[in-house]
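Asker:
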Amino acid sequence: MDRLAKKVCLITGGGGAIGRAIAKAFKDEGAVVIISDINEHLLNASADALGCESIVQDVTSESQWECIVGDIEKKYGRIDVLVNNAGILGSTDNVNPETTQVEDFRRLQLVNVESVMLGCRTVIPAMKRAKGGSIINISSIAAAIATPFEVSYGLSKAAVRHLSWSVGAHCAPFGIRCNSIMPGQIETGDGGMMDSIFKGAARRGEQADADTARTTFTALIPLGTLGTPYDIAMGAVYLASDESRYVSSISLQISGGWSVL
Numbered sequence: 697m698d699r700l701a702k703k704v705c706l707i708t709g710g711g712g713a714i715g716r717a718i719a720k721a722f723k724d725e726g727a728v729v730i731i732s733d734i735n736e737h738l739l740n741a742s743a744d745a746l747g748c749e750s751i752v753q754d755v756t757s758e759s760q761w762e763c764i765v766g767d768i769e770k771k772y773g774r775i776d777v778l779v780n781n782a783g784i785l786g787s788t789d790n791v792n793p794e795t796t797q798v799e800d801f802r803r804l805q806l807v808n809v810e811s812v813m814l815g816c817r818t819v820i821p822a823m824k825r826a827k828g829g830s831i832i833n834i835s836s837i838a839a840a841i842a843t844p845f846e847v848s849y850g851l852s853k854a855a856v857r858h859l860s861w862s863v864g865a866h867c868a869p870f871g872i873r874c875n876s877i878m879p880g881q882i883e884t885g886d887g888g889m890m891d892s893i894f895k896g897a898a899r900r901g902e903q904a905d906a907d908t909a910r911t912t913f914t915a916l917i918p919l920g921t922l923g924t925p926y927d928i929a930m931g932a933v934y935l936a937s938d939e940s941r942y943v944s945s946i947s948l949q950i951s952g953g954w955s956v957l
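As structure tokens, then:
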């Protein structure tokens with residue numbers, strides 16, 4: 697299992713379920729894995745479970761990005777892969793176009809969009825020095841379909857998708873690829889994004905309860921089941937590996953067919 701042998705990889709949001717799954721898959725494929733997260737408790741839990749290097753990071757801080765990328769390049773001589781995975785759902789109340797709160801809207805764009813731009817901008821010079829690399833930005837299927845119940849989140853993930861196209865086009869002459877992954881409905885356990893969405897639907901009176909919301913959502917997925925973090929991790933392994941050397945500026949939808957609805 698050496699699809700990523702010796703590749704130096706930074707994964708943000710490594711304390712969450714998807715970030716941890718990506719980190720595990722990368723490590724299993726022989727990569728040198730560094731994970732970051734703003735939540736030190738979750739970060740340490742992932743690092744201990746995986747046996748990988750970890751860094752506390754606020755992805756909205758430009759100076760922290762510069763320090764972290766600089767330290768990785770100094771220690772390992774290069775950075776081969778960046779996975780911009782950190783992100784937030786935001787409020788699950790008052791989130792339609794009529795009632796969404798400006799503060800929540802701005803916070804989502806800061807964490808979900810500006811941080812990805814900072815990550816790309818900071819890592820590109822290092823990858824140019826290394827004569828190549830792969831940037832993987834985690835978007836969402838919400839970028840491709842109307843999300844009247846999560847308007848700020850959907851907009852932020854659409855921006856990540858577009859940013860990935862632009863970064864890929866800019867970086868192509870330098871051998872740097874940039875792609876986005878668009879997860880669908882991914883089961884990440886109690887307190888995870890889907891759990892919050894189901895509970896929010898019940899709280900707003902759109903569904904009788906969270907379990908009913910789960911059943912309703914799942915029935916809409918063509919493949920008939922929620923996805924898992926492993927599904928996203930396998931897509932990330934492909935985009936990080938040399939198997940995808942001719943793939944750039946794409947949006948890989950891992951959604952159980954949700955996008956055809």
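In this note's numbering, the protein residues as written are 697 to 957. Each residue gets a CB set at the ideal place from its N, CA and C atoms; glycine is no exception.
Rounding to the nearest angstrom, what Cα-Cα distance links E758 and V819 in this structure?
Answerer: Reading the sequence shown from its first residue, position 62 is the one you call residue 758. Reading the sequence shown from its first residue, position 123 is the one you call residue 819. E758 and V819: Cα-Cα distance of roughly 12 Å.
Asker: In terms of residues, what are the limits of the alpha helix (DSSP H) holding V809?
Answerer: As a working mapping, residue 809 is identified with position 113 in the sequence shown. Careful: V809 lies outside any alpha helix (DSSP H) and carries neither H nor E.
Asker: Taking 8 Å as the threshold, find out whether the region 939-949 comes into contact with the region 865-877 through three or more Cβ pairs.
Answerer: The region 939-949 vs the region 865-877: in contact.
Asker: Per DSSP, what are the beta-bridge partners of E749 in this structure?
Answerer: Looking up residue 749 in the sequence shown gives position 53. In the DSSP output, where bridge partners are listed per residue, E749 has I730.
Asker: Check for me: the beta strand (DSSP E) holding L935 runs from which residue to which?
Answerer: Numbered from its first residue, the sequence shown carries residue 935 at position 239. Where L935 is concerned, there is no enclosing beta strand (DSSP E), although the alpha helix (DSSP H) it sits in stretches over 925-936.
Asker: Whole angstroms is fine: what's the gap from L778's alpha carbon to K895's?
Answerer: As a first step, residue 778 must be located in the sequence shown, where it is residue number 82. As a first step, residue 895 must be located in the sequence shown, where it is residue number 199. Approximately 32 Å, taken between the alpha carbons.
Asker: Please classify N740: does DSSP put it in a helix, a strand, or coil?
Answerer: Numbered from its first residue, the sequence shown carries residue 740 at position 44. Helix, per DSSP.
Asker: Go through its chain and collect everything with a Cβ distance to A909's Cβ below 7 Å, but skip five positions before and after it.
Answerer: Taking the sequence shown and counting its residues from 1, one reaches residue 909 at position 213. These residues qualify, in order along the chain: F894, A897, A898, Q903.
Asker: Tell me L778's beta-bridge partners as DSSP assigns them.
Answerer: One-based indexing of the sequence shown puts residue 778 at position 82. Per DSSP, L706, I831.
Asker: With distance defined between alpha-carbon atoms, name the residue in V752, A932, R716, A721 nearest to Q735.
Answerer: Position 39 of the sequence shown holds residue 735. First, the amino acid is wrong: residue 735 is Asn here, not Gln. For the residues V752, A932, R716, A721, the minimum Cα distance to N735 belongs to V752.
Asker: Pick out whichever of Q805, P821, A717 has its Cα sitting closest to the Cα of T924.
Answerer: The residue you call residue 924 lines up with position 228 of the sequence shown. Here the closest residue by C-alpha is A717.
Asker: Can you have a look at G711 and say buried or exposed, based on whether 16 or more other CB atoms are within 10 angstroms of its CB?
Answerer: Position 15 of the sequence shown holds residue 711. Classification of G711: buried, given that the 10 Å Cβ count is 16 or more.
Asker: Are the CB atoms of G815 and N780 nearer to each other than 7 Å?
Answerer: Along the sequence shown, read from residue 1 onward, the residue named residue 815 stands at position 119. Along the sequence shown, read from residue 1 onward, the residue named residue 780 stands at position 84. Going by C-beta atoms, G815 is nearer than 7 Å to N780.
Asker: Alpha carbon to alpha carbon, what distance is there between L785 and P918?
Answerer: Residue 918 sits at position 222 when you count from the first residue of the sequence shown. Residue 785 sits at position 89 when you count from the first residue of the sequence shown. Near 24 Å, if we compare the C-alpha coordinates of L785 and P918.
Asker: Could you tell me the distance, in whole angstroms, from the CA atom of T788 to the CA atom of E846?
Answerer: Walking along the sequence shown from the start, residue 788 turns up at place 92. Walking along the sequence shown from the start, residue 846 turns up at place 150. C-alpha separation (whole angstroms): 7 Å.
Asker: Residues in its own chain within less than 7 Å of G888 by CB, not counting five upstream and five downstream?
Answerer: Residue 888 sits at position 192 when you count from the first residue of the sequence shown. Only A713 meet the Cβ criterion.
Asker: By DSSP, does M878 sit in helix, in strand, or in coil?
Answerer: Sequence index remark: in the sequence shown, residue 878 carries index 182 (1-based). Note: M878 maps to strand in three-state DSSP.
Asker: Of all the options V812, T884, A826, P821, which has the alpha carbon lying nearest to the alpha carbon of K853?
Answerer: Mapped onto the sequence shown, residue 853 falls at position 157. Here the closest residue by C-alpha is V812.
Asker: Note down the Cα distance separating A865 from H858, rounded to an integer number of angstroms.
Answerer: As a working note, residue 865 is residue 169 in the sequence shown. As a working note, residue 858 is residue 162 in the sequence shown. When rounded, the distance between both Cα atoms is 11 Å.
Asker: Just to confirm, are V809 and N833 a CB contact at a threshold of 7 Å?
Answerer: Stepping through the sequence shown from its first residue, residue 809 is reached at position 113. Stepping through the sequence shown from its first residue, residue 833 is reached at position 137. Contact flag unset, no.
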